[in-house]
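Number of protein chains: 2
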Amino acid sequence: MTADAGTSGRPKQTAEWERKRREILDVAADVFFTSGFQKGTTKEIAERVGLSQSTLYHYVGSKEDLMGEIAEQVDRDFTQALDDAEALGGPPRDRLDRIIDAFVGALVLNRRTFGVYWKEFRSIPPELAKKIAADEQSFARRVEAVVGEVQAAGQLPADHPTRLLSQGILGMMSWTHWWYRSDEFTAEQVAAAYKALVGLSPG
Amino acid sequence: MTADAGTSGRPKQTAEWERKRREILDVAADVFFTSGFQKGTTKEIAERVGLSQSTLYHYVGSKEDLMGEIAEQVDRDFTQALDDAEALGGPPRDRLDRIIDAFVGALVLNRRTFGVYWKEFRSIPPELAKKIAADEQSFARRVEAVVGEVQAAGQLPADHPTRLLSQGILGMMSWTHWWYRSDEFTAEQVAAAYKALVGLSPG
DNA sequence: TTGTCGGTCGATTGATCGATCGATTACCCG
DNA sequence: CGGGTAATCGATCGATCAATCGACCGACAA
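Protein chains in written order, with this note's numbering: chain A, 910 to 1112; chain B, 910 to 1112.
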């Protein structure tokens, strides 16, 4: 991936170069979010960054690479949020509370990036997609484990499969990307409502 | 849309013709679901129905039309499910119960079609997309109204915006299309778990 | 038998777009 | 100044596909 290591090496301008790269990624996420991966053209991305279409390829190996890096970012955000939420320990219900806070927070902060991730999952380079799918599954399993503990503690209905309750919670949160507009509610309000909805203590 | 009423009229074979049309729509939904609207080719659709790419155009006006009709189907399913659920009346909580049952039921029954609807919403012909977006909004408002009543009845937390609770429930249900596999759980199990999760009486 | 017409196909067209190439300019180091 | 390298661009290539066109076939009616 990432047409890395050419023959003589990549530019040293790591300062400005990396900054521009970041900008390209951001713009790409926005373009893919509004137009989709296939319809969003490299020309549009390039021009919004102030480059010609061909110059874009000095910063990026291919259009697919762009998608790949966006997905990797989301992947990292997922696990980071979960790690943070679980690091503090405490009773199961508190951990689930924090997972919801962290997940909703991350999602609201990067609505477009997360949206691209879900809507355009098929456009991720196959190799990378495999790894990311595995990560996502392990993510789901970790959440499931916490939900299971909450059930055992009697704070969620125990007479239903843990997997279903867990998927319900994950879905509730994930779906936020579909309707959320930043001028209506804060991430905290959303998270608080979700926690209340599943019978957890409000934020 | 729907290159309808040409000059002299469409074929009379309404029997076989309509049957083939239906088959094309089904296959298209499947192709779009697995490959996406842009990547899924008319050639693939045609061949899976047993026609040549060009012959497909005797049954369909354009690729966009296919997408449009898939979306209209989902649109109808949405409102149908809601109408059915509300027709019986009764206390708010019962109505919300039935909405969840109906929505999850419809979604599980047509996973691929619903998935296409959400992932490829941008590919719906603009004119139609406007109408469908309006329908979806009115759908959301109707659910919101019921959720509000349930809150008023003290069966959902009242200290959170109705809209957020409603979106949470809708999201939980909608997301099902992302992970659901028919060989693990039935629609009833899923619906029951969702109802329990939001503190409603189990099915 | 012959004419019509629905259904079918292969070939082609036309447009879009990702990616490459060669040339030009700007910048830094000696 | 002057050589090298990064960054930029315009032009172009090559591939993909939706959509059209013209021809053929077979059923059914007169």
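Glycine residues also receive a C-beta, built at the ideal position from the N, C-alpha and C atoms.
**Prompt:** In the structure shown, what three-state DSSP assignment does residue 1090/B receive?
**Reply:** coil
**Request:** Tell me where the alpha helix (DSSP H) around residue 1097/A begins and ends.
**Result:** 1096-1106
**Message:** So, at 6 angstroms on beta carbons, what are the nonlocal neighbours of residue 962/B in its own chain, with the 5 sequence-adjacent residues on each side left out?
**Reply:** 951, 952 and 955
**Item:** Spatial distance of residue 927/A from residue 959/A (CA atoms)
**Value:** 16 angstroms
**Prompt:** Are residue 1002/A and residue 1055/A touching if we call contact CB-CB under 7 angstroms?
**Reply:** no
**Prompt:** Which word fits residue 1086/B, buried or exposed, when buried means at least 16 other C-beta atoms lie within 10 angstroms of its C-beta?
**Reply:** buried
**Message:** Restricting to Cα atoms, I'd like to know which of 941/A, 1046/A and 1090/A is closest to residue 978/A.
**Reply:** 941/A
**Message:** Can you give me the C-alpha to C-alpha distance between residue 970/A and residue 1106/B, rounded to a whole angstrom?
**Reply:** 46 angstroms
**Request:** Would you tell me roughly how many angstroms separate the C-alpha atoms of residue 1025/B and residue 983/B, rounded to the nearest one?
**Result:** Between residue 1025/B and residue 983/B, the C-alpha separation is close to 9 angstroms.
**Message:** Taking 7 angstroms as the threshold (beta carbon to beta carbon), is residue 1026/A in contact with chain B?
**Reply:** no
**Message:** Quick check on residue 1068/B: does DSSP put it in helix, strand or coil?
**Reply:** coil
**Prompt:** With DSSP run on the structure shown, which of helix, strand or coil describes residue 928/B?
**Reply:** DSSP places residue 928/B in helix when its eight states are reduced to three.
**Request:** For residue 1189/A, count neighbouring Cβ atoms within 10 angstroms of its own Cβ and tell me buried if that reaches 16, exposed if not.
**Result:** With chain A covering 910 to 1112 only, the question about residue 1189/A has no answer from this structure.
**Request:** Closer than 6 angstroms by C-beta to residue 1012/A: which residues in its own chain qualify, once you throw out the five before and the five after it? Chain order, please.
**Result:** 990 and 1082
**Prompt:** In terms of residue numbering, what span does the alpha helix (DSSP H) encompassing residue 1005/A cover?
**Reply:** For residue 1005/A, the uninterrupted alpha helix (DSSP H) run begins and ends at 1001-1018, by DSSP.
**Item:** Local Cβ density within 10 Å of residue 924/A, reported as buried at 16 or more and exposed below that
**Value:** exposed
**Message:** With distance defined between alpha-carbon atoms, name the residue in 931/B, 939/B and 1104/B nearest to residue 1023/B.
**Reply:** 939/B
**Message:** Below 8 angstroms on the Cβ atoms is my contact criterion, and I expect residue 1073/A with residue 1098/B to pass it. Report the Cβ-Cβ distance as a whole number of Å.
**Reply:** 7 angstroms
**Request:** Please work out which residues of its chain come closer than 8 angstroms, Cβ to Cβ, to residue 1108/B, disregarding the five sequence neighbours upstream and downstream, and give them in chain order.
**Result:** 1064 and 1065
**Asked** In the structure shown, what three-state DSSP assignment does residue 962/B receive?
**Response** coil
**Asked** When you compare only the Cα positions, how much space is there between residue 999/A and residue 988/B?
**Response** 44 angstroms
**Request:** Would you verify that the beta carbon of residue 1108/A is, or is not, closer than 7 angstroms to some beta carbon of chain B?
**Result:** yes
**Asked** Going by other Cβ atoms of all chains shown within 10 Å of its Cβ, with 16 needed for buried, is residue 1039/B buried or exposed?
**Response** exposed
**Message:** Classify residue 1032/B: buried if its beta carbon has 16 or more other beta carbons within 10 angstroms, exposed otherwise.
**Reply:** buried
**Message:** Helix, strand or coil for residue 971/B? Go by DSSP, reduced to three states.
**Reply:** coil
**Nearest-angstrom Cα separation, counted from residue 980/A out to residue 930/A** = 15 angstroms
**Asked** Who are the Cβ neighbours of residue 911/B in its own chain at under 7 angstroms, not counting the five residues just before and after it?
**Response** Bear in mind that the predicted position of residue 911/B carries a pLDDT of just 33, short of 50, making it too unreliable to give a figure here.
**Prompt:** Using the beta-carbon of each residue, which ones in chain A are nearer than 8 angstroms to residue 1081/B?
**Reply:** 1077, 1078, 1080, 1081 and 1084
**Message:** Quick check on the burial criterion: 16 or more other C-beta atoms within 10 angstroms. Buried or exposed for residue 1036/B?
**Reply:** exposed
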